[in-house]
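In the working numbering, the protein residues as written are 5 to 247.
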Ligand code: GLP
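Here is the structure:
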């Protein structure tokens, strides 16, 4: 049965605390939880909050396993802008393991399929946290991604490449392809939380939550999930229909 919760908070500082509460609750109930955690500007404050709580002994993440949900393809992982570098900079948590797809895997298609299989072998995601691209992407499932799409190599949308231009030091340096868990892989998570902040996300959040389920807005497939929580700040939630 599909169940979607929408939690709206005043600002992104509050959102970071509420998102950290949610993640800590999952790890509190199951210390060896398997978590999918996204990159992007949105979750950075949440990760900082988790780091603070962990350092203060308020949460114990030492047995949790973290899996990235996507990565760029065909570029050295040490290149500024990759997800590998993002996690190094922003996810400084003493988790048991942090797995990120290998951006220079010689056979990226097989590599990302194996990566998805490793998540399943680990027991599957207890919680998968997602962001949403302004074009509706989740992980690197760009518009056109089917509900039954699996882990694969994808061509990145121009908007997605633009969003990463600064981190890579120019649009021409942003890889044209990425590796991503598929929509179906993400929907297998026992629980999902989507974080979105700012007015720039309001329109796509509205289409994802209130619009029809469609491959044109991959995040709309989350409507089919049985335990999906949208965590929004007021700016991102402002065009949702009243409920
Ligand atoms: C990136 C990632 C997504 C992320 C999204 C939103 O390209 N592939 O996993 O959720 O874009 O990023 P931001 O939070 O910076 O808006």
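We put the beta carbon where it would ideally sit given N, CA and C, even for glycine.
Predicted, not measured: the structure shown is a model, and the values here were computed from it.
- Item | 8 angstroms contact criterion, which residue 146 and residue 158 should meet: CB distance rounded | The count along the chain shown starts at 1 and reaches residue 146 at position 142. The count along the chain shown starts at 1 and reaches residue 158 at position 154. Yes, they are in contact, since the Cβ atoms of residue 146 and residue 158 sit about 6 angstroms apart, within 8 angstroms.
- Task: Give a yes or no on contact between the stretch 226–240 and the stretch 191–211, applying the rule of three or more CB pairs nearer than 8 angstroms.
- Result: yes
- Task: Kindly examine the ligand GLP and report whether one of its heavy atoms sits closer than 7 angstroms to the Cβ of residue 43.
- Result: For the purposes of this step, residue 43 is taken as residue 39 along the chain shown, with counting starting at 1. Checking every heavy atom of the ligand GLP against the Cβ of residue 43, one is found closer than 7 angstroms.
- Simplified DSSP state of residue 217, which is helix, strand or coil: Reading the chain shown from its first residue, position 213 is the one you call residue 217. Coil, per DSSP.
- Query: Would you call residue 66 buried or exposed, if buried means 16 or more other Cβ atoms sit within 10 Å of its Cβ?
  - Reply: The residue labelled residue 66 in the question sits at position 62 within the chain shown. The residue in question, residue 66, is exposed, as its Cβ has fewer than 16 Cβ neighbours within 10 Å.
- Item | Coil, strand or helix - residue 139 by DSSP | Here residue 139 corresponds to residue number 135 of the chain shown, with the count starting at 1. The three-state reading of DSSP puts residue 139 in coil, since its state is none of H, G, I, E or B.
- Query: Would you say the beta carbon of residue 208 comes nearer than 7 angstroms to a heavy atom of the ligand GLP?
  - Reply: Residue numbering aside, residue 208 sits at position 204 when the chain shown is read from its first letter. No - the ligand GLP has no heavy atom lying nearer than 7 angstroms to the Cβ of residue 208.
- Excluding sequence positions up to five away, which residues of its chain have a Cβ less than 8 angstroms from the Cβ of residue 22? Working through the chain shown from its first residue, we reach residue 22 at position 18. Correct list, in chain order: 11, 13 and 235.
- Item | beta strand (DSSP E) runs contained entirely in the stretch 69–106, provided each spans 3 or more residues | 69–71, 74–76 and 101–103
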